[in-house]
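K.L.:
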Amino acid sequence: MNATVARLVAVRLGTTLLTLLVVSVAIFAITELLPGDVAEIVLGQSATPEAVAGLRAALHLDQPAYWRYLQWLAGLVAGNPGRSLVNSDSVGALIGSRLPNSLLLASVTAAVSVPVALTLGITTAMTRGSAYDRAVSVLTVAIVSVPEFFVATVAVLIFAVKLRWLPALSYASDIRGIGHFFRTFAMPVVSLSCVVVAQMVRMTRAAVIDALRSSYVEMAILKGARPARIVLAHALPNAVGPIANAIALSLSYLLGGVIIIEIIFNYPGLAKLMVDAVSTRDMPLVQACAMIFCLAYLLLVTIADLCAILSNPRLRYR
Amino acid sequence: MSRKTVDPLELLSTADAALIRSALQNRATRRDVMGWLMAGGVGVATAGSIVTYATRALAETPKKGGRLRVAGSGTSTADTVDPAKQSFSTDYARCNMFYNGLTSLDGALAPQLALAESIENDKATVWTIKLRKDVAFHDGKKLTAADVVYSLSRHKDPSVGSKAKSLADQMTAIKATGPNEVQITLSAPNADLPVVLGTFHFLIVKDGTTDFSIAVGTGPYKCQEFKPGVRSIAVRNDGYWKPAQPYVDEIEFIGIPDESARVNALLSGDVQLIAAVNARSAGRISSTPGYQIHETKSGNYTDLVMRVDSGPTQNPDFVLAMKYLFDREQMRSAIARNFAVLGNDHPIDPTNRFYNGELPQRPFDLDKAKFHFQKAGIGATAVPIVVSPAADNSTEMALLLQQAGQKIGLTLDIQRVPADGYWTNHWMKHPLGFGNINPRPSADILFTLFFKSDAAWNECGWKNEKFDQLLASARAETDEAKRKQMYWDMQAIVHEGSGIGVPMFLSLIDGLSTKVKGLGSIPLGGLMGYNFAENVWLEA
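Set out below in structure tokens:
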């Protein structure tokens, strides 16, 4: 690794940290703007002005916003995102009980959808213009155009209600054995894959085709390399950047954007926790969840960018 | 599967029903029981059906064992097993698995003794409650007066944040007068105290409990696991003080907020009992073999709020015109799919023991509506009517009113507002809008909360001195017959004069597997008034 790459990587990581700071300001400001007061919501029908004022003081809601922001940021950096205003559990513990579920669902979906998408993308690029290519293109676009709640609901009606092959609810908490694991995750993972696969297939196909048009691939063909070798050894390494970006964008959706799937399958994940928190005006929990989603997004995009930087031979060997 | 028929025993009070059941168990002949019933003024056809029903119910002897999975209509991190902090239907269902109250409410919302062995009162002000001596908490500790004093007193402590503080504040003194005797002194007479004590917030916890991460009560099930927003696991309490109850070995209670996901979970066999089924899904459940619905008639209503202090609704003729403009039958069939009973512009529904059944039903009458509308002199000016998904079915009701209004020359301008923030920003703040009132345990509580002149939630701002006087004297009256007459009069006054239109009372619908037996109706809510746990059993 040389100085240029090191500098690029350092700048990229610095930008990530700066973005995260800006995001934290934005999240705090937006949650401040949300209508409704947590003191009134917690007290509900028995809210008297004195009780509300007392509770606000107890929750430090009467302090100026910048002071609360700094307190909150210091807590976050120290790994202590505060306590839930609704049930006074630690936010860390609440998130800790849900984050593994979300990560599990996201990683299983990624493990299924990324290989499928890459295979489809590369093979369609190799056979571009063929009937197979067109069929895959039409199919993936058709699938991504159908909203996931529709796919999931129809899947539940067919496989759970009619055929009774799979459970309608997905409990991550009591997995018994590998067969049960597959039965539990089959429908949520397939529904989610439908959403993310299409985007990755199309981006992969475009990137590989782009590389296949280049002069060094022409050279390889003239050299007499076999098609598989041309694609895997010559075209694909040069297409890693855009493909990594497409994968990162799709995967970041799997953490925060799966609320509909979590609701339909009653899956206890992080997105549902955040929606709960918004409806109960539990600000520390909302802020912590939002920060986690932004962090995951930034991490994935940063990794994709680093992949692009490191996979670029022009940067590596200059 | 057709809709479940009404249990004829529910037509009688629970005490009578229990009497008949035990009589039949003790080999009284059919003729004996029919004779008693008819002597008590029950018609021969009804008596016959009651006896037939009771005999059939006896054939279905409760079976012990099995694991039951139940899904309520919501779950979040705000889930609780602290009786004082319950605020959602799922909290009530959960807490009723683990705790008991001093009394419990039956199918006519009349109080029945539970942890209390006897309740006596002096002028409805000083109440002496004797406790059962055979009751123990899940950890083995005996129930004593100290537990009851602690459980009731904590509602008055502002730092507890009890939802029932306003109800508890009337108890000026709560003291133990013996190891198993508690005396409650009220600030003013209230004959309904046994009803208040039967409401869910007054479930009895152990003296000194402050940690509610798990529930330790006297109830039919022990709390094995409680994870807010995820699930609760309840295992049978073998030392339960009600002989033979409960029946199921273990109950897993979860919440599924999405209605269609809930119905799918039932029909795919993931759960055996679900609450809060939409009337639109009822047909889907009852047409699937092996599943049925259970309808609970209740006092839940969506009402048209006509403020008597602002806008065109100040004019009593306009208010009357609107009440005649309700096509109640069509609303019942088109909006509620017949899972409702007609309302008569007062808040007491037919399941209530104080329901005034002799008050003539206000009809859908365009001529009368037109007459009063013209007398009000509004003319062609469009009248805004505010609707929101927060008030169930308000949009549909307003559309039907709008169509009917066109026939008498009234233009209603429907203004839709979002559900979020509706109760703070819109409810009771527009001359013409909608409210939604959940079932309440007593006529007194309903009238006090929503119709008393100085009530914070007096939805239409209606003030009536005679009504207030009646309300106060009915509360102090211990003679059932006299009280009934007063509540009947109050219903007539509200029906005539207030700015509230109640077109119908909506039923609550549960969905269940036909293997689940013993689910009855208590109009406080679905899942047998949230008290299903000790009453249901599983057929093998």
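First to last, the protein sequences are chains R and S.
All letters in the first sequence, in the order written, are residues 213 to 530 by the working numbering.
All letters in the second sequence, in the order written, are residues 1054 to 1593 by the working numbering.
All C-beta atoms in this analysis are idealised placements derived from N, C-alpha and C, irrespective of residue type, glycine included.
1) What residue from R/474, R/493, R/489, R/520 has the CA that sits closest to residue 360 of chain R's CA?
2) Would you decide whether residue 262 of chain R is buried or exposed? Buried here means 16 or more other CB atoms lie within 10 Å of its CB.
3) Can you tell me which of the three DSSP states residue 1231 of chain S falls into?
4) Answer yes if the stretch 1511-1525 of chain S comes into contact with the stretch 1321-1336 of chain S, meaning at least three C-beta pairs across the two stretches below 8 Å, and no otherwise.
5) With H, G and I counted as helix, E and B as strand and the rest as coil, what does DSSP make of residue 1359 of chain S?
6) Just how far apart, CA to CA, sit residue 1067 of chain S and residue 1574 of chain S?
7) Going along chain R, which residues have a C-beta under 8 Å from residue 1310 of chain S?
8) Rounded to whole angstroms, what's the CA-CA distance from residue 1131 of chain S to residue 1527 of chain S? Just pull it up for me.
9) According to the neighbour-count rule (16 or more other Cβ atoms, all chains shown, within 10 Å of its Cβ), is residue 1401 of chain S buried or exposed?
10) So, is the C-beta of residue 257 of chain R closer than 9 Å to a C-beta in chain S?
11) To which residues does DSSP link residue 1347 of chain S through a beta bridge?
12) Out of curiosity, what's the CA-to-CA distance linking residue 1161 of chain S and residue 1404 of chain S?
13) Strictly below 7 Å CB to CB, what residues from chain S border residue 296 of chain R?
14) Residues of chain S with CB closer than 7 Å to the CB of residue 517 of chain R, please, in chain order.
15) Quick one: what's residue 1437 of chain S bridged to in DSSP?
16) With the cut-off set at 9 Å, would you say residue 504 of chain R and residue 307 of chain R are in Cβ contact?
17) Closest by CA to residue 1236 of chain S, which one among S/1243, S/1224, S/1550?
18) CA-CA distance, residue 367 of chain R and residue 358 of chain R?
19) Let me know the secondary structure DSSP gives residue 1276 of chain S once reduced to three states.
20) Would you please verify whether the beta carbon of residue 1210 of chain S is less than 9 Å from any beta carbon of chain R?
21) Roughly how many angstroms lie between the CA atoms of residue 1533 of chain S and residue 1417 of chain S, to the nearest whole one?
22) For residue 492 of chain R, which residues in chain S fall below 8 Å Cβ to Cβ?
23) In the DSSP output, what is residue 1175 of chain S paired with across the bridge?
24) Ordered along the chain, which non-local residues of its own chain (more than five positions away) have a Cβ less than 6 Å from that of residue 1443 of chain S?
25) Buried or exposed for residue 282 of chain R, going by 16 or more other Cβ atoms inside 10 Å?
26) Tell me which residues share the same chain as residue 330 of chain R and place their Cβ nearer than 7 Å to its Cβ, disregarding the 5 neighbours each side in the sequence.
27) Name the chain R residues whose beta carbon is nearer than 8 Å to that of residue 1249 of chain S?
28) Check whether the stretch 1110-1129 of chain S touches the stretch 280-296 of chain R, taking contact to mean three or more Cβ pairs, one atom from each stretch, closer than 8 Å.
29) Return the CA-CA distance between residue 1149 of chain S and residue 1431 of chain S, expressed in angstroms with no decimal places.
30) Kindly indicate which three-state DSSP category residue 1480 of chain S falls into: helix, strand or coil?
31) Does residue 1507 of chain S get closer than 9 Å to chain R when you measure Cβ to Cβ?
32) Buried or exposed, going by whether 16 or more other CB atoms sit within 10 Å of the CB of residue 1459 of chain S?
33) Could you tell me the distance, in whole angstroms, from the CA atom of residue 1313 of chain S to the CA atom of residue 1358 of chain S?
34) Nearest-angstrom Cα distance between residue 486 of chain R and residue 523 of chain R?
35) For the structure I just gave you, are there three or more beta carbon pairs, one from the stretch 1170-1179 of chain S and one from the stretch 1260-1280 of chain S, closer than 8 Å?
36) Can you tell me whether residue 1593 of chain S is buried or exposed? The criterion is at least 16 other CB atoms within 10 Å of its CB, across all chains shown.
P.N.:
Inspection of the coordinates gives the following:
1) Within the first sequence, numbered from 1, the residue matching residue 360 of chain R stands at position 148. Looking at the Cα atoms, R/474 is the closest of the given residues.
2) In the first sequence, the residue the question calls residue 262 of chain R occupies position 50. Looking at its Cβ environment, which holds fewer than 16 other Cβ atoms inside 10 Å, residue 262 of chain R is exposed.
3) Start at 1 with the first residue of the second sequence, and residue 1231 of chain S comes out as number 178. If DSSP states are grouped into helix, strand and coil, residue 1231 of chain S belongs with the strands.
4) no
5) Within the second sequence, numbered from 1, the residue matching residue 1359 of chain S stands at position 306. Of the three classes helix, strand and coil, the one that applies to residue 1359 of chain S here is strand, per DSSP.
6) One-based indexing of the second sequence puts residue 1067 of chain S at position 14. One-based indexing of the second sequence puts residue 1574 of chain S at position 521. For residue 1067 of chain S, the predicted structure reports a pLDDT of 45, less than 50, and the residue's modelled location is therefore unreliable. A value from the coordinates is still provided. Rounded to whole angstroms, residue 1067 of chain S to residue 1574 of chain S spans 11 Å at the Cα level.
7) The sequence position of residue 1310 of chain S within the second sequence is 257, counting from 1. What residue 1310 of chain S touches in chain R: 475.
8) Position 78 of the second sequence, counted from the start, is the residue given in the question as residue 1131 of chain S. Position 474 of the second sequence, counted from the start, is the residue given in the question as residue 1527 of chain S. In a straight line, the C-alpha of residue 1131 of chain S is about 37 Å away from that of residue 1527 of chain S.
9) Position 348 of the second sequence, counted from the first residue, corresponds to residue 1401 of chain S. Residue 1401 of chain S comes out buried.
10) Numbered from 1 along the first sequence, position 45 holds the residue referred to as residue 257 of chain R. Residue placement at residue 257 of chain R is poorly supported in this model, since its pLDDT is 48, which falls under 50; the coordinates still yield a value, given next. Interface residue, yes.
11) In the second sequence, the residue the question calls residue 1347 of chain S occupies position 294. Bridge partners of residue 1347 of chain S: S/1563.
12) If you number the second sequence from 1, residue 1161 of chain S lands on position 108. If you number the second sequence from 1, residue 1404 of chain S lands on position 351. Rounded to the nearest angstrom, the two C-alpha atoms are 6 Å apart.
13) The residue labelled residue 296 of chain R in the question sits at position 84 within the first sequence. 1130, listed in chain order.
14) Locating residue 517 of chain R in the first sequence gives position 305, counting from the first residue. Chain S residues near residue 517 of chain R: none, gap ~36 Å exceeds 7 Å.
15) Residue numbering aside, residue 1437 of chain S sits at position 384 when the second sequence is read from its first letter. DSSP lists S/1466 as partners of residue 1437 of chain S.
16) Along the first sequence, one-based indexing puts residue 504 of chain R at 292. Along the first sequence, one-based indexing puts residue 307 of chain R at 95. For residue 504 of chain R and residue 307 of chain R, yes; Cβs fall inside 9 Å.
17) Here residue 1236 of chain S refers to the residue found at position 183 of the second sequence. Answer by Cα proximity: S/1224.
18) Within the first sequence, residue 367 of chain R is the residue found at index 155, counting from 1. Within the first sequence, residue 358 of chain R is the residue found at index 146, counting from 1. The straight-line gap from Cα to Cα measures roughly 13 Å.
19) Position 223 of the second sequence holds residue 1276 of chain S. Strand.
20) Counting from one through the second sequence, the residue named residue 1210 of chain S turns up at place 157. No, residue 1210 of chain S lies away from the interface with chain R (no Cβ there is under 9 Å from its Cβ).
21) As a working mapping, residue 1533 of chain S is identified with position 480 in the second sequence. As a working mapping, residue 1417 of chain S is identified with position 364 in the second sequence. Looking at the two C-alpha atoms, the distance is approximately 34 Å.
22) Residue 492 of chain R sits at position 280 when you count from the first residue of the first sequence. Correct list: 1129, 1130, 1131.
23) Taking the second sequence and counting its residues from 1, one reaches residue 1175 of chain S at position 122. Partner(s): S/1179.
24) The residue you call residue 1443 of chain S lines up with position 390 of the second sequence. These residues qualify, in order along the chain: 1472, 1475.
25) As a first step, residue 282 of chain R must be located in the first sequence, where it is residue number 70. By the neighbour-count rule (16 or more Cβ atoms within 10 Å), residue 282 of chain R is not buried but exposed.
26) Position 118 of the first sequence holds residue 330 of chain R. 416, listed in sequence order.
27) Residue mapping note: residue 1249 of chain S aligns to position 196 of the second sequence, counting from 1. Result: empty, since nearest Cβ-Cβ is about 16 Å, beyond 8 Å.
28) no
29) For the purposes of this step, residue 1149 of chain S is taken as residue 96 along the second sequence, with counting starting at 1. For the purposes of this step, residue 1431 of chain S is taken as residue 378 along the second sequence, with counting starting at 1. So the alpha carbons of these two residues sit roughly 52 Å apart.
30) For the purposes of this step, residue 1480 of chain S is taken as residue 427 along the second sequence, with counting starting at 1. Reduced to three states, the DSSP call for residue 1480 of chain S is coil.
31) The sequence position of residue 1507 of chain S within the second sequence is 454, counting from 1. Taking Cβ atoms only, chain R never reaches closer than 9 Å to residue 1507 of chain S, which makes this a no.
32) Along the second sequence, one-based indexing puts residue 1459 of chain S at 406. Exposed, because fewer than 16 other Cβ atoms sit within 10 Å of the Cβ of residue 1459 of chain S.
33) Counting from 1 along the second sequence, the entry for residue 1313 of chain S is found at position 260. Counting from 1 along the second sequence, the entry for residue 1358 of chain S is found at position 305. The alpha-carbon atoms of residue 1313 of chain S and residue 1358 of chain S are separated by roughly 31 Å.
34) In the first sequence, the residue the question calls residue 486 of chain R occupies position 274. In the first sequence, the residue the question calls residue 523 of chain R occupies position 311. Going from the Cα of residue 486 of chain R to the Cα of residue 523 of chain R covers about 37 Å.
35) no
36) Walking along the second sequence from the start, residue 1593 of chain S turns up at place 540. Exposed: under 16 other Cβ atoms inside 10 Å.
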